[in-house]
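Presented below is the structure to which this report refers.
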Amino acid sequence: MSFPHYFSSVVLSFIVFILFVLITPTQHDLSFTYSFSSLSVSGSNQHIDIPSLDVFNTKFTHNKSTGMFYYKNNYIDVSKFNYSGVCGDVFKYGPNTKRDLVIGSYDFKNKCIKESVYQALEMTRIAMPDCRIVFLLFSSIPSTCVGNFKRLSDLHVETYKVTRHPFQDAVVFRFIAFRNYITKHIKEIDRVVIIDFRDVLFFADFFRTFSANEVNWLLECYGTNNPND
Numbered sequence: 001m002s003f004p005h006y007f008s009s010v011v012l013s014f015i016v017f018i019l020f021v022l023i024t025p026t027q028h029d030l031s032f033t034y035s036f037s038s039l040s041v042s043g044s045n046q047h048i049d050i051p052s053l054d055v056f057n058t059k060f061t062h063n064k065s066t067g068m069f070y071y072k073n074n075y076i077d078v079s080k081f082n083y084s085g086v087c088g089d090v091f092k093y094g095p096n097t098k099r100d101l102v103i104g105s106y107d108f109k110n111k112c113i114k115e116s117v118y119q120a121l122e123m124t125r126i127a128m129p130d131c132r133i134v135f136l137l138f139s140s141i142p143s144t145c146v147g148n149f150k151r152l153s154d155l156h157v158e159t160y161k162v163t164r165h166p167f168q169d170a171v172v173f174r175f176i177a178f179r180n181y182i183t184k185h186i187k188e189i190d191r192v193v194i195i196d197f198r199d200v201l202f203f204a205d206f207f208r209t210f211s212a213n214e215v216n217w218l219l220e221c222y223g224t225n226n227p228n229d
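Quick note on UniProt numbering: the sequence shown kicks off at 1 and runs consecutively.
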């Protein structure tokens, strides 16, 4: 196995969370309503009209007493998750703000953005309405992908074109691009979450789960075919 392929397989098994100096954010008055035709999210800094999630048979609820967001579809009901006691202690830090950043990348390869990626972006925006979401693009949106850019814009996703050499694989080069972007904008950022939007979903405000003094790596969870595991 060549080193680039070995390295890419290693980095894909992790999600790195880079944390910077954290200021104390204020609580947001956040609410949203859901119907089978639209989803509206309002926060202290912005108002977002999110496209319909009918195709996923998806439903979101918000418990204002706990501040938790819950996600539900045909396969999972997050409201059944146990957030009591020590399981809820993880949500002990300040909520997302406009100085918090979720960053990922995408290489079109002459194909349009997959619906699963939009679902991940929609869930990210619902769970964390005030944070910045940055999408680094390693290629231009194909002209045949009508509406791709608008859907990103509707979710307040910032897109930036990144130039790379042909011999640079996007899977590996993205981490260099992340470093370059974060370094350039370091004074505008307090906390950062680096993810792959293809397979990472947020069910709640993830920024409430870590402090400014941590760097966390998460192993990928591939699941199991054994229902007893």
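Even glycine gets a Cβ: it sits at the ideal position worked out from N, Cα and C.
Rounded to the nearest whole angstrom, the C-alpha separation of F175 and T144 is 28 Å.
Rounded to the nearest whole angstrom, the C-alpha separation of S140 and K98 is 27 Å. Looking at D196, F210, N213, A212, the one whose alpha-carbon comes closest to that of I133 is D196. Per DSSP, the beta-bridge partners of Y106 are L137.
Fully enclosed alpha helix (DSSP H) runs of no fewer than 4 residues occupy 148–154, 170–184 of the stretch 129–216, in order along the chain. Spanning the alpha carbons of N110 and V157 requires a straight line of approximately 21 Å. Note that the stretch 85–97 touches the stretch 191–210; at least 3 beta-carbon pairs, one per stretch, sit closer than 8 Å. Here N96 is not near D199, since their CB atoms are 8 Å or more apart. Counted as a single uninterrupted DSSP element, the alpha helix (DSSP H) harbouring I126 occupies residues 115–127. Less than 8 Å separates the beta-carbon of P142 from that of F108. When the Cα atoms are used, T124 and F167 turn out to be separated by approximately 32 Å. Comparing C-alpha distances from L201 to each of V172, F178, E122, N148 shows the shortest one belongs to E122.
The beta carbons of V162 and L137 sit closer together than 8 Å. Rounded to the nearest angstrom, the gap between the Cα atoms of F135 and S84 is 34 Å. With respect to the C-alpha of K114, the residue from R164, N180, A170, V146 having the closest C-alpha is V146.
With 16 or more neighbouring CB atoms inside 10 Å of its own CB, Y106 falls in the buried class. In this structure, I194 lies near F178, with their beta-carbon atoms less than 8 Å apart. In this structure C131 is in contact with D100, their Cβ atoms being roughly 4 Å apart against a cut-off of 8 Å. A distance below 7 Å between beta-carbons, with the five flanking residues on each side excluded, links T159 to the following residues of its chain, in chain order: F135, L137, L152.
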